[in-house]
Amino acid sequence: MITDLMTETEQDIQRKLSYSAALPVSKPGDKVQIYVRLRPTTEDTGTFQILSDTCLVANPPRTSRVTESVSSFHFSQVFKPETNQRELFEQTAYPIIQEALEGKNGLVFAYGVTNSGKTYTILGNAEQPGILPETFETLFKKSENFQITASYLEIYNEKVYDLLAAGPRRTFLQLLEKDGCVYVKDLEERPIKSFEEAKLMLESGQKNRQIGETKCNTDSSRSHCVFSLQLYQNDKPDAVFSKISIVDLAGCERGAKTGASGLRLQEASKINGSLMNLNRCLETLRYNQLHPKSERPVPFRSSKLTRMFQESLAGKQAGRIIMIVAVNPSVEEFDETLRTLQYSAIAKEVVTAPSKVVSRRYAAPSSCRSRSRVMDDGGSPSILKMEYGTDGHKKRKRPSIAASRDILAPQKSPDVPAVRSRASIAKDRSSIANKPPSTSRTRVQKKAEQTTAIHSRTKPKTAAVAPVNGPAFKKRVTVPATVVEVLTRDDDVQEQEVMLLRTEVEQLKDELQAKEAEYVQQEIHVRRELVNELNKQLDGMKASYEAKLEELRGELETANQANEKLAQEKTYFEGLCEKLQEQIDECEDEIRRIEARHAEELQELQTF
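Residue numbers (our numbering): 3 to 610.
Shown next, in the form of C-alpha cells:
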C-alpha cells in the first residue's frame, strides 16, 4: 500500500492536511463504516486524488468558492473509478448479510450529490447488478433455515408511500412508534422465496418511484427509497430474527445549478432539508459522545428520514451501518461534493452501539417511563427516574423528592398508632407553642418540636435531644427517635436535591453558552452561504443582462443601417419618380402638338 511506503515526514504532512482527527482509519469492528466510490469520468479534472486505499485528497479548482488549499479525508476504504459492482458488494454489504444470519440488524445507504452514481451503486443494471440484487442472490443461497419478507417504500416531499401499493393514486402512510421502535403503519410486507420473486418485486416498486429531469440529471431520483428485508427463523416465525435495510438517498442539489422551479424546486427543498437534518443528527450524536455530561437532544423527529434511521443510529437493536459516499469528480460539483465528504468524516466518528439498558424507550410518555428501585451508598432504598430523550440516551438520574419521602416515611406498627384525637393533637400543639423560641436551634429540632406528638399516642422509645444553651431553654426536649431519623434523612435528600439542581443549573448555563456560540457560528455560516449564493446569482444576472444588452446594441446598429439604406433607396426612387413624371409631361405635350398638327393638315386637305 502507498501509506506503508511513506516516510514519517510525509505522513505528518498528510495528517496536518487531513480533515479527520487522526491518520488511522476505522477498525473493521466499528459500527459505522464509510466507503467512498469515485464515479468514472471522460476527463481527468484533478479535483479528487486517491492517495491510498483509505485516503482521498480534494484539490479545489479555480472556480471553487472554497478558501482552503487542500483537504485530506480518511475513510474505511476508497474505491477507484474502475471498481466493479461485485467487488464493491463484497467489501461493503456482504458482512451485513453474514451478521443478519447471526441475528444482527444492518443498514446500507448511498449518500452524495445528484448525478454521482448512488442509484447505480444500489440497483446497477443488467450487466452490472448493484448492491440490492447482489444481496438477494447471496441471501437466498444461505438462508435455508429462514423465511424472508420484504417491504419497499419511498419518502417523497416528507411523506411516506408504499411503492408496492396498487393504483395510480397512492395514499401516504403514517410513521408510528411502539416500544421504542419506529414503524410504518399499513406498510405491505410480502414474503419472498426466491431471487426471481425479489427481483420482480424490486422492478414493480421501481415503476412507482418518483423520478424527474433536471439540468444535472435526466433521471434524477426525487425521493428517498428504503428496501427492507426481514428474516424469520423457521422454528420461530412470529418474531423478527434480523433486518437488513438498503437505502437509496436522493441527491443534495442547488436550485441554481439544476434550474429547478415549481414542483421540482419544492422537491429539492424537501430533499435538502431531510439530508441536512441527517447531518445534524450525526453531528449531535458525535457531540454527545464527546460530551457525555452535557448531551444535546438529537433532532430525529425533524424529518421522516431520520425517524426511520433512529433505530439504526441510537436504538436498542442498532447494528452495523455502511455508508457509501458517491463522489462526482466534476469541477462544477466540487463544492457540494466537498461538503458531503466533510459530513461523512463526522459520521465516521459516530459510534452507534446500543446501551446496556434493555428496556429502552425513545421519547416515551411519562406514564410509560420505567422506574427502578436501587440502593444508595448507605444501604437505604431510593426511587430514581430513568427517562430517555429523543436520542435514545438515558437522561441524568435524579432522585424524586416525593418518592424519597414515601420511602423514608415511618411505617405503621401496633406500637405507634397513626390516628389520634383532635384534643390530643391540640394539647400537644399548645404545649409546643408555649415554649420560648431559641435562636440557635437546628432545623431538625424545629421540625421535631412541631411533630412530636403526631406519630404516637403512647410513649415510644425516645431519644433525648441535648439542651440548647441560653436562658430560653430550661427544659429538655424529647422526640421519638423514628421522627429524628426520618427528618434527618429527609434533610439529606433535600440537600442532595439542591446540590443536583445547582449542578444541573451550571450545566444548563454552559450548554446555553455553547448553544449561543453555535447559533452565532451557524448564523455566520448561513449568512456567508447566502452572500456567496446571492453574489453568484447577481454575477450570473449581470452577465446575462450584459450579453442581452450587447445583443440589443447589435440589433439596433443593424436596424439603423437598414434605415439608412431605406432612406437612400427612398431618395433614389423619389428622384426616379420625378424624372419619370417629367418624361410623362413631355410625352403629353408632344402628343398635344402632334394632334394639333394633324388637325391642321386635315383641315388643309378638306379645303382642296
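Cβ coordinates follow ideal geometry from the N, Cα and C atoms, glycine included.
For clarity, every value in this text was computed on a predicted model and none was experimentally measured.
Closest by C-alpha distance to M325, out of E297, N281, S296, E335, is N281. DSSP, reduced to helix, strand and coil, places E179 within a strand of the structure shown.
Restricting attention to N127, H226, L40, L532, the CA atom closest to the CA of Y158 is found in H226.
Classified as exposed, D541 has fewer than 16 neighbouring CB atoms from the shown chains inside 10 Å of its CB.
In this structure, S247 lies away from L343, with their beta-carbon atoms at least 9 angstroms apart.
Listed in chain order, the non-local C-beta contacts of Q563 below 6 angstroms within the same chain number zero, local neighbours out to five positions each way being set aside. K143: member of the alpha helix (DSSP H) spanning 133 to 144, first to last residue.
In the three-state scheme derived from DSSP, where H, G and I count as helix and E and B as strand, T43 is classed as coil. DSSP places G169 outside any beta strand (DSSP E), giving it a letter other than H or E. In the DSSP assignment, F50 falls within the beta strand (DSSP E) that extends over 50 to 52. A check of alpha carbon separations from E179 across E313, E603, V533 identifies E313 as the nearest. For D337, the uninterrupted alpha helix (DSSP H) run begins and ends at 336 to 350, by DSSP. Contact between the segment 190 to 200 and the segment 140 to 152 is established, with three or more Cβ pairs separated by less than 8 angstroms. Between the segment 87 to 107 and the segment 331 to 348, the count of Cβ pairs shorter than 8 angstroms is below three; the stretches do not touch. Going by beta carbons, L155 and Q208 fall outside the 9 angstroms limit. Of the candidates S271, S223, R298, H293, the residue whose Cα lies closest to the Cα of C283 is R298.
Taking 9 angstroms as the cut-off, the Cβ atoms of I133 and L202 do not count as close.
With 16 or more other Cβ atoms from the protein chains shown falling within 10 Å of its own Cβ, R224 counts as buried. By the criterion of a C-beta distance shorter than 8 angstroms, R211 is surrounded in its chain by E156, L165, S223, S225, C227, once the five residues flanking it on both sides are discounted. Selection A270, A601, E199, S346 evaluated against V329 yields S346 as nearest (Cα-Cα). Per DSSP, reduced to three states, the secondary structure at R530 is helical. With 16 or more other CB atoms across the displayed protein chains lying within 10 angstroms of its CB, L307 is buried.
In this structure G48 is exposed. Its beta-carbon is surrounded by fewer than 16 other beta-carbon atoms within 10 angstroms. Here G253 carries a coil assignment [DSSP, helix/strand/coil].
As a beta-bridge residue in DSSP terms, G114 pairs with A328. A buried status is given to T339, since no fewer than 16 other beta-carbon atoms sit within 10 Å of its beta-carbon.
Straight through space, the alpha carbons of K550 and E518 are spaced by roughly 47 angstroms. Note on S276: 16 or more other CB atoms within 10 angstroms of its CB, so buried under the neighbour-count rule. Rounded to the nearest whole angstrom, the C-alpha separation of A569 and A561 is 12 angstroms. A residue is called buried when at least 16 other Cβ atoms come within 10 angstroms of its Cβ; G577 does not meet this threshold and is exposed. The C-beta distance from L287 to V242 rounds to 25 angstroms, too long to fall under 8 angstroms, and the pair is not in contact.
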